[in-house]
Amino acid sequence: MASASLPITTAIEYADRVHQSHDDASSSKSKEFSYASKISEITGIVSATREAFVQRGDSEELVTDNSEFKLPSRRSLFIIIGGNALFRLSFFLVVSSASLYAEMLGGSATFSGLTIGIPTTEVNTACPMNLSYVAVLVGNILYAHAYRTHFLFLILIGRMVSGLGFMCFLYSKRYCSDPRIVGIRRRTTLASWLVVGQGFGFTAGPFLGGFLYKIGFPNPIFNGVTSPGWGLHNLIFKDVDPRPRERPIEMSVRQESSPQQLRHVTISPAQWGIIVCMCYFSMTCFFILGSWEANIPVFTAEAMGYSPYKAGNFIALGGLCSFPFLLLNVWQARRFQDRVILAAGTAMGFLGLLLMLVLLATSKVTFGSLFVCWFLIALGFNLASTCTLSLASKQLPDEWNGQLNMALEYSNCVARVTGAVLGGARVKMGMMNYVGVQIAVVGLGGVMYLTLWRQLKAKTG
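-18 is the number of the first residue of the sequence shown in my numbering; add one for each residue after it.
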C-alpha cells in the first residue's frame, strides 16, 4: 500500500521531470530545425552568389549585345526622320517647273539644272536647327520673287539661301550614325528610314510642283512657276515646329576625344579604301538621280510634248512605285549585309542605264520603256544610297564619325550640283553621250567595289 501511493512531492517532481523531458525533446527538435534552416540558408546564399557571378559575366555579354542594338528615343527619331522628309520635299519641289521658269527669264536648261542642284552649305551641327527652317523659308520667298523682278539670278540666289537650310542632311546622317546613341546593328535601319524620306521627297515634290503649275494663277507674284516657292514657304512656316530640335538628345555621357587622342587612331590602307569607295558610291547615286530629275522635264518636253505638270507626274510615278520597296528594305536591312544591298541597288540602276542606251540606239523610246528605265534607276540608286554611310561607319573607329559624315555629305553636294548641271546640259551633249557618261561612272565604282569586296564585310542591321 505504501508503495502504491507516492508522496505529493514525488508526484510533483515526476511531473516536472516529464515536462522537462518533453521540453528537451522539443528544444532538440527546434534546434535541429534551426540548424537545418541555417544550413539551407547558407546553401542558398552560396548558390545565389555563384549565380550572381555567373549572371555578372552573362550580363556583361548582354550589355555588349544590347549596345549593338541601341536606339535613341522615338520622339528624337521622329523629329530627325520627319524633318529630313520635309527638307527633301523642299529640294525636289521645283524640279518639274525649274527649266520653264529659267527659260521665261532668259536662262537656259543648264542654268535650271544649276538651280536644282544647289550646293549645301556645311556648318557645325551645334548650330541651332532653327537656322535651317529660316533659311529654307527666306530662300523660297526669293525664288518666288524672281518672276516679279524679272531678275534671273534671283532664282539662283534663292536656291543658294535654301542651301543653307539643307545642312540638316548632314545633321540627320551624323545623328543616325552616332555611336553614342545608335548601335552598330541599327545604323543601316536608320539609314533606310532616311532614304524613305528621300523617296517621299522626290515623289511628292515633283508632283506638287507640277500640280501647282497646272493650277496656275494670273498673278505676277503667285503663278504657275512661282507657286512652288510660295507653297513651300507656307509649308515650312506653318507645319514645321523647330522647337523640338532644341530638346536635349538622350544619350549616355561620354568624354569627347581630344584632337591629340584622335591622332593616335590609325587608319589602315584598307579602311582608307573603304572611305574612298563609299564616298564615290554616295556621289554616284546622287549624281545619277540628280541628273535624271533635271533631265526628265526637258527630255519629255522634246520627245513627248510633256508639260511641267506631266513631267512632274512622271517623276513622281517612278518614286511612288519604288516607295514600297524602300519601305520593305527598312525591315529586310537587318538580314542582309550592307555590301549585298549596295551591289543589288547599283546593279539595278546600271541595268536601267543599259536599257535606256539600247532604247536610244534603236529609237524605241516610249512612255512605257522610259518609265521602266526611270523606275529601275530611281529604285536602284536610292537603295544603294542606303548603306554608304552605315557601311563606312561600321568599318571605321567611332572617333571618325564626324569626319566621315562630312566627307560623305561633301560628296553628295558635289554630286547634286554636277548631276543637275549634266541633266540640264544634256540638250547640247546629246542623250547617248549623257547616258554613256553615267555608265562610265558606275563602271568605275564597280571596279572599286570588286577590289574591296572582302574589306566591305560588316555586321548586319
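Positions of the beta carbon are idealized from the N, C-alpha and C atoms, including for glycine.
Buried or exposed (CB count within 10 angstroms, at least 16 for buried), residue 283:
exposed
Just confirm the distance between the C-beta atoms of residue 127 and residue 133, as a whole number of angstroms; I'd bet it's less than 8 Å.
7 Å
For residue 321, the first and last residue of its enclosing alpha helix (DSSP H)
319 to 343
Enumerate in chain order the residues of its own chain whose CB-to-CB distance from residue 308 is below 7 Å, with the five nearest sequence positions on each side excluded.
177
Please report the distance separating the alpha-carbon of residue 170 from that of residue 289.
Linking residue 170 to residue 289 through their CA atoms gives a straight-line distance of about 35 Å.
Leaving out the 5 sequence neighbours to the left and right, which residues in its chain are closer than 6 Å to residue 333 when beta-carbon positions are compared?
354, 357, 358
Buried/exposed call for residue 329, threshold 16 Cβ in 10 Å:
buried
Three-state class that DSSP yields for residue 379 in the structure shown:
helix
Neighbourhood of residue 385 by C-beta, 8 Å cutoff - its chain only, sequence neighbours within 5 removed
158, 256, 370, 373, 374, 377
Rounding to the nearest angstrom, what Cα-Cα distance links residue 296 and residue 277 in this structure?
Rounded to the nearest whole angstrom, the C-alpha separation of residue 296 and residue 277 is 7 Å.
With a 10 Å radius around its C-beta and 16 neighbouring C-beta atoms as the bar for buried, classify residue 56 as buried or exposed.
exposed
So, is residue 348 buried or exposed, given that buried needs 16 or more other C-beta atoms within 10 angstroms?
Around the CB of residue 348, fewer than 16 other CB atoms lie within 10 Å, so the residue is classed as exposed.
Should residue 63 and residue 183 be called a contact, given that it needs their Cβ atoms to be closer than 9 Å?
By the CB criterion at 9 Å, residue 63 and residue 183 fall outside the cutoff.
Terminal residues of the alpha helix (DSSP H) in which residue 436 lies:
No alpha helix (DSSP H) contains residue 436, which DSSP labels as neither H nor E.
How is residue 165 classed by DSSP in three states: helix, strand or coil?
coil
Answer yes if the segment 312 to 319 comes into contact with the segment 392 to 412, meaning at least three C-beta pairs across the two stretches below 8 Å, and no otherwise.
no
Backbone secondary structure at residue 184 - three-state DSSP:
It is helical.
Whole-number beta carbon distance between residue 367 and residue 113, since they are thought to touch under 8 Å
That belief does not hold up - the Cβ atoms of residue 113 and residue 367 are roughly 23 Å apart, past 8 Å.
Where does residue 303 land, buried or exposed, given buried means 16+ other C-beta within 10 angstroms?
buried
Exposed or buried, residue 162, counting other C-beta atoms within 10 Å across all chains shown (16 or more means buried)?
buried
Whole-angstrom distance between residue 381 and residue 388, CA atom to CA atom:
11 Å
Would you kindly report the start and end of the unbroken alpha helix (DSSP H) that includes residue 156?
149 to 157
Return helix, strand or coil for residue 411, following the three-state DSSP convention.
coil
Compare the Cα-Cα distances from residue 164 to each of 379, 406, 422, 435 and report the closest residue.
379
Given the structure, does residue 56 come close to the ligand COA, in the sense that its CB is under 8 Å from one of the ligand's heavy atoms?
Looking at this structure, you won't find the ligand COA or any other ligand, since it has none at all.
Can you give me the C-alpha to C-alpha distance between residue 407 and residue 273, rounded to a whole angstrom?
10 Å
Between residue 403 and residue 418, is the Cβ-Cβ spacing less than 9 Å?
Yes, these two residues count as a Cβ contact at 9 Å.
Flag this pair as touching only if the segment 257 to 266 and the segment 147 to 157 have three or more C-beta atom pairs under 8 Å; answer yes or no.
no
Let's see if you can read the secondary structure: which residues bound the alpha helix (DSSP H) around residue 138?
Counting along the chain, the alpha helix (DSSP H) containing residue 138 begins and ends at 134 to 146.
Give the straight-line distance between the Cα atoms of residue 365 and residue 331, rounded to the nearest whole angstrom.
11 Å
Buried versus exposed, by CB contacts within 10 Å (16 or more), residue 136:
buried
Is the beta carbon of residue 189 sitting closer than 9 Å to the one on residue 67?
no
CB-CB under 8 Å to residue 443, same chain, minus the five flanking residues each way: which ones, in chain order?
Lying outside -18 to 442, the shown extent of the chain, residue 443 is not represented and no answer is given.
Rounded to whole angstroms, how far is the Cβ of residue 326 from the Cβ of residue 361, which I believe are closer than 8 Å?
5 Å
When the Cα atoms are used, what is the spatial distance from residue 437 to residue 168?
15 Å
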